[in-house]
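**Student:** Numbering (full-length UniProt numbering), first residue to last: 1 to 359.
Ideal Cβ positions, reconstructed from N, Cα and C, are used throughout, including at glycine.
Treat the numbers as computed from the prediction; the structure is a model and nothing was measured.
Got a structure for you, questions after.
Encoded structure:
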């Protein structure tokens, strides 16, 4: 019998734990089961837990939306037990990654919106290029030949609020990684949240941030944008980084802290965990290859020596998988590359200082 504690935390304004005394058996190499139902951001979720017989550890296997409501507004689901704990933290991009958003859970109005957005994603996908832009080639092959800039974008929500948020763009010089430009805007996300379509909530604000620097501080316009999210690592191959890159026609890539599950193709199974264990040195990678499709969606990267978990890099537009991964590594002092890390940290600080009592 294995017991452990699994805490799931939504970083966008939700922190909480619901402890359930629910032991489970190890059966074979990996056993997963529906473990708990909880609510977050007004939606219901089932949590699946994976148990590794080899490592004797538990970890998050998957989450999916459920039509079964829970009366309690809890954000975390956990199994109680002595001396074992695994924590998974989800940011705004993780909604795309881990939640299936099946049509059975959507009301007719949202279903109609979802189908409209699917058509838009199909059109965007036709325009995606995974070849390196000339600026990308120069940045990586001869970074001293010119002045280059990399931008990081993130959106942080007010705690307990899925509407009011701060959108951030932080631009770094490359390769010396000095902050040259920052922009923080209070925003209200009024578009509905549908798993797999996060970009439709956030894209207008990200585009505005880019236009602000391009129009008002042209000299700091980034040649590449990093998004806290995914590129082609997405069920329809059109994550937020693809969406933004195509609409702006600039190189864009996604960096995610947690693996985006793609049904029957990309999964955090025991083989995946063994591949993570094989990452020994900063810069080590392994490809994210679909088990059924054979598609290479991106790479898992050990971004710095002290990182115990990889980040997941996927190209969005005008950049290749290899170049996206190399650029992320060269921009990383910690696990998350500096442009995204600073956009995240600074947007949270901006909210702390500037958003009080709804003002």
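Taking 6 Å as the limit between beta carbons, can you name the residues of its chain near residue 284, skipping five residues before and five after?
**Tutor:** In the chain shown, the residue the question calls residue 284 occupies position 284. Within the same chain, residue 284 has close Cβ partners 302.
**Student:** How would you call residue 315, buried or exposed, if buried means at least 16 neighbouring beta carbons within 10 angstroms?
**Tutor:** On the chain shown, residue 315 is found 315 positions in, with the first residue counted as 1. It is buried - the Cβ of residue 315 has at least 16 other Cβ atoms within 10 Å.
**Student:** Quick one: residues in its chain with C-beta nearer than 7 Å to the C-beta of residue 124, no 5 flanking neighbours on either side, listed in chain order?
**Tutor:** Here residue 124 refers to the residue found at position 124 of the chain shown. Only 238, 242, 243, 246 meet the Cβ criterion.
**Student:** Which same chain residues, not among the five before or five after residue 251, have their C-beta less than 6 Å away from its C-beta?
**Tutor:** On the chain shown, position 251 is the one that residue 251 refers to. Counting only Cβ-Cβ distances below 6 Å, and skipping sequence neighbours, we find 133, 136, 224, 318, 319.
**Student:** Does the pairing of the segment 213 to 223 with the segment 194 to 202 give three or more beta-carbon distances under 8 Å?
**Tutor:** no
**Student:** Tell whether a beta-carbon distance below 8 Å holds between residue 342 and residue 152.
**Tutor:** Locating residue 342 in the chain shown gives position 342, where the first residue counts as 1. Locating residue 152 in the chain shown gives position 152, where the first residue counts as 1. Contact flag set, yes.
**Student:** Hey, out of 308, 346, 235, 231, whose CA is closest to residue 299's CA?
**Tutor:** Along the chain shown, read from residue 1 onward, the residue named residue 299 stands at position 299. The residue with the shortest Cα to Cα distance from residue 299 is 231.
**Student:** Does any C-beta atom of chain D lie closer than 8 Å to the C-beta of residue 288?
**Tutor:** The structure shown has no chain D; it contains just one protein chain.
**Student:** For residue 298, name the three-state secondary structure that DSSP assigns.
**Tutor:** Numbered from its first residue, the chain shown carries residue 298 at position 298. If DSSP states are grouped into helix, strand and coil, residue 298 belongs with the strands.
**Student:** Would you be able to state if there are at least three C-beta pairs under 8 Å between the segment 163 to 178 and the segment 342 to 355?
**Tutor:** yes
**Student:** Taking its Cβ as the centre, do 16 or more other Cβ atoms sit within 10 Å of residue 229, making it buried, or is it exposed?
**Tutor:** As a working mapping, residue 229 is identified with position 229 in the chain shown. Under this definition residue 229 is a buried residue.
**Student:** Whole-angstrom Cβ separation of residue 174 and residue 149, contact assumed at under 8 Å?
**Tutor:** In the chain shown, counting from the first residue as 1, residue 174 sits at position 174. In the chain shown, counting from the first residue as 1, residue 149 sits at position 149. About 6 Å; that satisfies the 8 Å criterion.
**Student:** Is residue 349 helix, strand or coil when you go by DSSP?
**Tutor:** Mapped onto the chain shown, residue 349 falls at position 349. In the structure shown, residue 349 sits in a helix (DSSP, three-state: H, G or I).
**Student:** Is the separation between the beta-carbon of residue 293 and that of residue 154 shorter than 8 Å?
**Tutor:** Taking the chain shown and counting its residues from 1, one reaches residue 293 at position 293. Taking the chain shown and counting its residues from 1, one reaches residue 154 at position 154. No, they are not a contact pair.
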